[in-house]
Amino acid sequence: MVATKGLFKSSLAAACATLGVAATPSIATEVDTAALVYAELDRVSAIETVVAVKHDFGAGRLFNFKLVLDSLTGASANGAVPRSDVLQIFTRPSGEGSFTVQPGETPLDDTFKDSRKALSIGYTMPFNRVTKMDFGLYGSGEHDYSSLGGNVSLSRDFDKRNRTLTAALSMSSDSVSPEGGRPIPFESMLPAGLDPLRLDGDGTKTVLDGILSLSQVINRSTVAQVNYSLSLADGYQTDPYKIVSVVDPTSGVPQDQLFEHRPDTRTKHILFALLKHHLAHDVVDLSYRFMTDDWGITSHTADLKYRHEMSGGRYLQPHVRWYRQSASDHFRPWLLDGEALPEFATADYRLGEMDTWTIGIKHGRPIGASRSISVRLEYYLQSPSAPDSAPGQLADVELFPKVKAVFAQVGFTTEF
Amino acid sequence: MTAEIRVEQQGDVWRGTFRAMAGPCEILLDLDDGLLAHHLIERVFQETRRIEKKYSRYLDDSIVQRINNSAGQTVEVDEETSRILQFADSCYHASNNRFDITSGILRKLWTFDTNSTVPSRKQVKSLLPLIGWDKVTWKSPHITLPDGMQLDLGGICKEYAVDQSISVIQAETQAPTLVNFGGDLHASHPRRGNRPWRVGVEKPGAEDRAERMVDLESGALATSGDARKYVMHQGKRLSHILNPRTGWPVTGAPRSVTVAAESCLQAGVLATTAMIHGSQAEQFLEAESERWWVTR
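Chains as they are written, first to last, in my numbering: chain A, 271 to 686; chain S, 5 to 300.
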């Protein structure tokens, strides 16, 4: 094979030919694999396997492929309030069967078991030395949820490649078809065995995202990046498995359990900033993300990683992340009996006010000449805010217990 | 079989290892015939030792020593050496005098060990007149090296030996082969079943992994740079890549450069030359190579 690119390389190829050394067509690809185990104490546990392959066709043309397999099992909070005095029985969201919750316990739906397969492919196509375009396609499926999307982005380097501007657009179309059909918003959950009325057809949602990104090399050891993204979602965004309790205004005892209801549109604005600094050996990675949406949620995320290089290619990387979120305007931990229904309501703790902390450490090391392994351990603590006051028995129960989770990740790259 | 060689079967592959050229050497043969594997690994070992002995600047009877000790007298070289010097001559001119086999003399001053000190400007300056391939009279097969100057083929020999090993094996079998001398490697074909060879390439200071894994179907990879080799000087980190034109470490050199090419020699010269381009390494590679990886 005769090299066509580059003056120096052509003379080099000619010189090698004169010298008579073996020449073989050059075909090389970069590889990466990782497995993640996530266990939320007493709740959901997930095992995730990721296989990622990158192929370089040369001349800046890159193809990448990523396959993710998740399996989730365990219980998840269904949104209902606990009762301090008696057992509570909940119908499963499908309308088939029921489960029992002990006094004082947060109602957790234990039927949460699913597996997710996601596949994405991408292709990078350079137009010239400084401009390139990326295309991607994405598809994922669970037994009750599927998503299909595509994205395109254009980036251009400026100032001797020290500055890169990227504009990207992505669109996805999601479809949810819960077991037993989609519940009618604010309809009461019927006792198990009765055939509840359900909405026709699947719930569909379209999400459109636009991102503008600027990255800038500040000096030899520092790189900064700023992104702005706008995300527009339109369609069914209610969680068909979540309910809201209607409680007696004085005793706080649940009178009824209603399926939740969320708006059909959601607009998010996100600002993200990243600073990466190389010290003599180590690397510091600091980022901040701000999000605000028209559901009334604002959130802040600060993330700090410090990679400490040790001898023999080993490294140790402590990580800390802080996240704070305000509640959605539609967040209602309970509804009061006798009051008019609001337009929307959800008791999903994920839309409530909360702080979370993640602390972790990652260690990587080469094993043998051409293999390496990395191990990541993280502890996650989510502290939802308790309501200022609660009627009757609700004052005696823990409405939103802290969620603790442990992540363990093993990443490995193997040879032959 | 020579005592210094270890041969073992790992899965479908016969693996031979030995030490040469100041580092570990590895040969992987994707074939079943153990006798043939032993024979080929022995042949590679002999060929590597031959090249090392012939071109080492440390061994007294090497041709490089003979030229370096010629005290300005003309030396007639054999055919292989003539081809190697011709190759070095081409690299020197094509790289705009950056790739220079006479620059090794600078190692007298720059050692890049853990406790090494930075030489004075005066010391460096005193060596500069002894550097420059253009000061050498070279007309195959005759070379005249001015007194005091030194040739160092260290930047060529290992890669040359890798490519020669592939040639030695391919003369006897078409079995898929990977030759890896301390990270400079060359694969003849994809493995049986059209599977790639998976190789680790050192990636100092990487964000997530200690190594970069590459699936190599065929062709060569060479890496230049070592994150552990540097000296601190006035609060600045000086890389071990020396600019032959100034005698000082290149400023803004990446921590490592890996290049894929059709031969290990080509990949190695491209990687080294990219390093000498310092902060312009990426621009150089962009223009000259199709597959490369830079770690800063």
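All C-beta atoms, glycine included, are put in the ideal place defined by N, C-alpha and C.
**Report entry** Host beta strand (DSSP E) of residue 648(A) (start-end)
**Finding:** 641-654
Query - Residues near residue 17(S) by beta carbon distance below 7 Å, same chain, minus five either side - result: 32, 33, 34
**Report entry** Neighbour-count burial assignment, residue 309(S), 16 or more Cβ in a 10 Å radius
**Finding:** Because residue 309(S) is not part of the residues shown, which for chain S are 5 to 300, the question remains open.
Query raised in the report: Thinking just about the alpha-carbon of each residue, which of 649(A), 384(A), 399(A) is nearest to the one in residue 672(A)?
Result: 649(A)
Report task. Would you check if the distance between the CB atom of residue 496(A) and the CB atom of residue 484(A) is smaller than 8 Å? Result -> yes
Query raised in the report: Does residue 88(S) have its Cβ less than 8 Å from a Cβ in chain A?
Result: yes
**Report entry** Backbone secondary structure at residue 138(S) - three-state DSSP
**Finding:** helix
Query raised in the report: Among the residues of its own chain, which have a CB less than 6 Å from the CB of residue 526(A), if the five just before and after it don't count?
Result: 458, 516
Query raised in the report: Should the region 282-295 of chain A be called in touch with the region 266-273 of chain S, which here means at least 3 C-beta pairs below 8 Å?
Result: yes
Query raised in the report: Starting from residue 171(S) and walking both ways along the alpha helix (DSSP H), at which residues does that stretch end?
Result: 158-174
**Report entry** Members of the region 162-190 of chain S that neighbour chain A once the beta carbon cut-off is set at 8 Å
**Finding:** 164, 167, 168, 170, 171, 174, 184, 190
Query raised in the report: Going along the chain, which residues of its own chain have a beta-carbon closer than 8 Å to the beta-carbon of residue 9(S), five neighbours each way excluded?
Result: 20, 21, 22, 45, 46, 49
**Report entry** Under 8 Å between C-beta atoms of residue 616(A) and residue 349(A)
**Finding:** yes
Query raised in the report: Are the beta-carbon atoms of residue 604(A) and residue 523(A) separated by less than 8 Å?
Result: no
Query raised in the report: Short check: CB of residue 160(S) to CB of residue 88(S), under 8 Å?
Result: yes
Query raised in the report: From residue 107(S) to residue 541(A), what distance separates their C-alpha atoms?
Result: 51 Å
Query raised in the report: Can you tell me the Cα-Cα spacing of residue 142(S) and residue 148(S), whole angstroms?
Result: 6 Å
Query raised in the report: So, residue 444(A) versus residue 412(A), is the Cβ gap smaller than 8 Å?
Result: no
Query - For residue 677(A), the three-state DSSP class (helix, strand or coil) - result: strand
Query raised in the report: For residue 1(S), is the classification buried or exposed, using 16 other Cβ atoms within 10 angstroms of its Cβ as the cut-off for buried?
Result: Residue 1(S) falls outside the range modelled here, since chain S spans only 5 to 300, and no answer is possible.
Requested in this report: Give, in chain order, every residue of the region 92-108 of chain S whose Cβ lies closer than 7 Å to some Cβ of chain A.
Outcome: 94, 95, 98, 99
Query raised in the report: Does the beta-carbon of residue 62(S) have 16 or more other beta-carbons within 10 angstroms, so that it is buried, or is it exposed?
Result: exposed
**Report entry** Residues sharing a beta bridge with residue 576(A), DSSP
**Finding:** 554(A)
Query raised in the report: Is residue 108(S) helix, strand or coil by DSSP?
Result: helix
Query raised in the report: Which residue comes first and which comes last in the alpha helix (DSSP H) that contains residue 288(A)?
Result: 277-289
Query raised in the report: Going along the chain, which residues of its own chain have a beta-carbon closer than 7 Å to the beta-carbon of residue 552(A), five neighbours each way excluded?
Result: 576, 577, 578, 579
**Report entry** Stretch pair the region 627-634 of chain A + the region 188-197 of chain S: three plus CB contacts closer than 8 Å
**Finding:** no
**Report entry** Beta-carbon proximity check, residue 566(A) vs residue 599(A), cutoff 8 Å
**Finding:** yes
Query raised in the report: Who pairs with residue 388(A) in a beta bridge, going by DSSP?
Result: 338(A), 410(A)
Query raised in the report: In its own chain, which residues sit with a C-beta less than 8 Å from the C-beta of residue 401(A), not counting the 5 before and 5 after it?
Result: 424, 425, 426, 427
Requested in this report: Can you check DSSP and say which residues form a bridge with residue 185(S)?
Outcome: 29(S), 188(S)
Requested in this report: Check whether the Cβ atoms of residue 132(S) and residue 282(S) sit closer than 8 Å, and answer yes or no.
Outcome: no
Query - Secondary structure of residue 310(S), DSSP reduced to three states - result: With chain S running from 5 to 300 in the structure shown, residue 310(S) is simply not present.
Query raised in the report: So, is the C-beta of residue 295(S) closer than 8 Å to a C-beta in chain A?
Result: yes
Query raised in the report: Name the DSSP beta bridge partners of residue 441(A), please?
Result: 420(A), 478(A)
**Report entry** Distance CB(residue 229(S))-CB(residue 203(S)) smaller than 8 Å
**Finding:** no
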